[in-house]
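Protein chains in written order, with the numbering used here: chain A, 1 to 400; chain B, 401 to 800. Beta carbons are placed, not taken as given, at the ideal position from N, Cα and C, and that holds for glycine. Note sheet for the following structure.
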């Protein structure tokens, strides 16, 4: 029978590059920034690392760099096993997951998980420039990410009887919070606060998602050093353990296409339930101290929160926005790093970057203006493909 | 301390598509062929699979297909964790390795490892059409795979005092064997025998590698069902276990560039030694019953054999070619499936396809004309990037 992995693997060091438009910085530099900090934090040298999992979507094909697995070896100048993993926007979570299994299988004692994406200079036009291709029966043409999430937003407004004005304002409140925290996070990409009025008046991308409802195009990397939990004390006292993991890749539309509902995010729900079960969490809202979730668009924060069972379906406005429960001093802090929206979303890096935020919060080492008091348990969530439906990963981190 | 994984994980079912120019077959069909056979062989249904690792280099970007992880979910119509792994030509091995760690970590009881590549129709021109890019300080221009392996060949001839004629003939003997077995393997791509004279007279690709010294451009998929070894008997008596694994990604040229030797395949040697150590193998030549190694070119079989310690350096001709030791009834059978050369090399599939050959041989289920007698232990080897130097994976499979 399978056993849960709860508390078997620990993170003893983490690093995160500055996120942003890093025009003068290569993918190798981003890796170096994140890995160096992670090793310093763990008190180890690069030579101590026995194996690595590298999460990257675009790899280093851009710019004529070396193939992605080799890239890490070239930067680190070591000859160890390096595995590239990829799972759309959940790619960074896969780096952690691969590393966790490598340690839990007792194959290695010290491993590296790193997520990285160097998007600027690559010719990549951002989520708005995607071409989903003929495989998608619904959005074969024009189905960019903003368009898909916009449809989820209007479906949500309709389902929960919000007028266009009410719905747009609800989303704006979310973006205001994201920018509030981005402005308080020195490594974030977008460090400027915005007002509800500014978000409402911003240029439209795909109604109701305006410029400030969408994440930018960001370069960045984040890295973690993982060891068996029973060895973690050799490295530090305030280590963090893996409490539970969930991952789901669904067939997408498949047979259920007839009654498809854009506001039902079943992949998110299924992955969260896997992770909650493994972590032994019965009441996420009460037990989790902070959540870093995949807010590539403002509507994503809303629908993911509801499907992670942080609040009742359709009650996000009442439970979170009106009460400001999702601020760092609220009842259920969400994306108080700035999130993908303001901290940035270098695709393959985001899962590791979320882990970095939770790790620092649990250690009490976030900036004082956004530190959660006595945080002991945090959740990281990423999803890829159609909103909440295709690929979703959840990892829960906590103090031992 | 880390423990070895020897005999902890078992393969209880495998499948392999027909390899070849599958013009009328999509990547989804190839997956279906391999997975269906693997499930039938294991006596399970697709719905029993709890998690999957998909190895593919090009994914399904070609042809406008869905992103690679989702692809598998769409074909299988299940909602399970699916992870895409990639490590150049060792990608198929990574699918097995990821699955092994998932089982050894006790996260899952029944998992799928699958490697697939659909190359025809993709616009891919084969190994001869690669552009290594500016990151490579030696072969920045014109350094296609045939050219790089050709340089390894001429360096080998020089080192071991073979005339051009002697060297070319030595390589031709290897290709003759590959085609001999391809002709006896119903699922192989190139099923036609050739003579030494034909190989010698074939059109030149990169001297001394002619047309028959190079693998073709092949579509295919192979899949394995893995379970904890202590549960394997529920599925079958003649299951196969993982005995040892090795994987190395090197910095490539790095600091040692000054004294770089094209005939020293240190990644191959290092990965093999990791696997031998874990499997407890002291004398590979005596203990291994068959080897499936990465013969993308005839010279690769020669140099890989020497660096896997199957024979002494420089003694390949004497120990293997002259004595025909590497035929199925010889002392050290190598690539008696036809190898990458004649069975085919759909990049991401090859590691899994080698596993398939070893699995069937250990069960005594290969075609009688090429069945090794009483085979109990087999080795699979793949490498990517510069010959023997960049990425190398080795997995050893055996009867329990």
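Reduced DSSP category for residue i - H, G, I as helix; E, B as strand; rest coil
{"i": "residue 31(A)", "result": "helix"}
{"i": "residue 117(A)", "result": "strand"}
{"i": "residue 493(B)", "result": "helix"}
{"i": "residue 51(A)", "result": "strand"}
{"i": "residue 242(A)", "result": "strand"}
{"i": "residue 396(B)", "result": "Because chain B in this structure spans residues 401 to 800, residue 396(B) falls outside the shown range and cannot be described."}
{"i": "residue 655(B)", "result": "In this predicted model, residue 655(B) has a pLDDT of only 46, less than 50, meaning its place in the structure is not dependable enough to derive any value."}
{"i": "residue 727(B)", "result": "coil"}
{"i": "residue 274(A)", "result": "helix"}
{"i": "residue 557(B)", "result": "helix"}
{"i": "residue 797(B)", "result": "strand"}
{"i": "residue 483(B)", "result": "strand"}
{"i": "residue 403(B)", "result": "coil"}
{"i": "residue 10(A)", "result": "strand"}
{"i": "residue 707(B)", "result": "helix"}
{"i": "residue 64(A)", "result": "Low local confidence applies: a pLDDT of 47 at residue 64(A) is under 50, so the model's placement there is unreliable, and no value is given."}
{"i": "residue 507(B)", "result": "coil"}
{"i": "residue 784(B)", "result": "strand"}
{"i": "residue 669(B)", "result": "helix"}
{"i": "residue 38(A)", "result": "helix"}
{"i": "residue 772(B)", "result": "coil"}
{"i": "residue 791(B)", "result": "strand"}
{"i": "residue 547(B)", "result": "helix"}
{"i": "residue 500(B)", "result": "helix"}
{"i": "residue 320(A)", "result": "helix"}
{"i": "residue 366(A)", "result": "coil"}
Pair within 8 Å by beta-carbon distance, residue i and residue j
{"i": "residue 80(A)", "j": "residue 209(A)", "result": "no"}
{"i": "residue 95(A)", "j": "residue 54(A)", "result": "yes"}
{"i": "residue 805(B)", "j": "residue 734(B)", "result": "What the structure shows of chain B is the stretch from 401 to 800, and residue 805(B) is not part of that stretch, so it cannot be assessed."}
{"i": "residue 267(A)", "j": "residue 392(A)", "result": "yes"}
{"i": "residue 623(B)", "j": "residue 415(B)", "result": "yes"}
{"i": "residue 413(B)", "j": "residue 439(B)", "result": "yes"}
{"i": "residue 305(A)", "j": "residue 293(A)", "result": "yes"}
{"i": "residue 576(B)", "j": "residue 596(B)", "result": "yes"}
{"i": "residue 56(A)", "j": "residue 100(A)", "result": "no"}
{"i": "residue 663(B)", "j": "residue 710(B)", "result": "no"}
{"i": "residue 269(A)", "j": "residue 244(A)", "result": "no"}
{"i": "residue 105(A)", "j": "residue 647(B)", "result": "no"}
{"i": "residue 441(B)", "j": "residue 641(B)", "result": "no"}
{"i": "residue 174(A)", "j": "residue 110(A)", "result": "no"}
{"i": "residue 583(B)", "j": "residue 591(B)", "result": "yes"}
{"i": "residue 76(A)", "j": "residue 27(A)", "result": "no"}
{"i": "residue 749(B)", "j": "residue 626(B)", "result": "no"}
Cβ of residue i within 8 Å of any chain A Cβ
{"i": "residue 708(B)", "result": "no"}
{"i": "residue 448(B)", "result": "no"}
{"i": "residue 506(B)", "result": "yes"}
{"i": "residue 790(B)", "result": "yes"}
{"i": "residue 477(B)", "result": "yes"}
{"i": "residue 498(B)", "result": "yes"}
{"i": "residue 501(B)", "result": "yes"}
{"i": "residue 405(B)", "result": "yes"}
Contact with chain B by residue i, beta-carbon distance below 8 Å
{"i": "residue 80(A)", "result": "yes"}
{"i": "residue 69(A)", "result": "yes"}
{"i": "residue 12(A)", "result": "no"}
{"i": "residue 262(A)", "result": "no"}
{"i": "residue 351(A)", "result": "no"}
{"i": "residue 270(A)", "result": "yes"}
{"i": "residue 370(A)", "result": "no"}
{"i": "residue 62(A)", "result": "With a pLDDT of only 44 at residue 62(A), under 50, the local geometry of the prediction cannot be trusted, and no value is derived from it."}
{"i": "residue 286(A)", "result": "no"}
{"i": "residue 2(A)", "result": "yes"}
{"i": "residue 73(A)", "result": "yes"}
{"i": "residue 326(A)", "result": "no"}
{"i": "residue 385(A)", "result": "yes"}
Which ranges would you report for the beta strand (DSSP E) in the region 163 to 234 of chain A if only whole runs of at least 3 residues count?
204 to 206, 220 to 228
Between the region 640 to 653 of chain B and chain A, which residues of the former have CB atoms less than 7 Å from a CB of the latter, in chain order?
Those residues of the region 640 to 653 of chain B placed with their C-beta closer than 7 Å to a C-beta in chain A are 647, 648, 649, 650, 651, 652, ordered along the chain.
Any C-beta of chain D within less than 7 Å: which residues of the region 506 to 521 of chain B qualify?
You won't find chain D in this structure, because its protein chains are A and B.
Mind checking the region 481 to 496 of chain B against chain A and listing, in chain order, the residues whose C-beta falls within less than 7 Å of any C-beta there?
481, 482, 483, 484, 485, 486, 487, 488, 494
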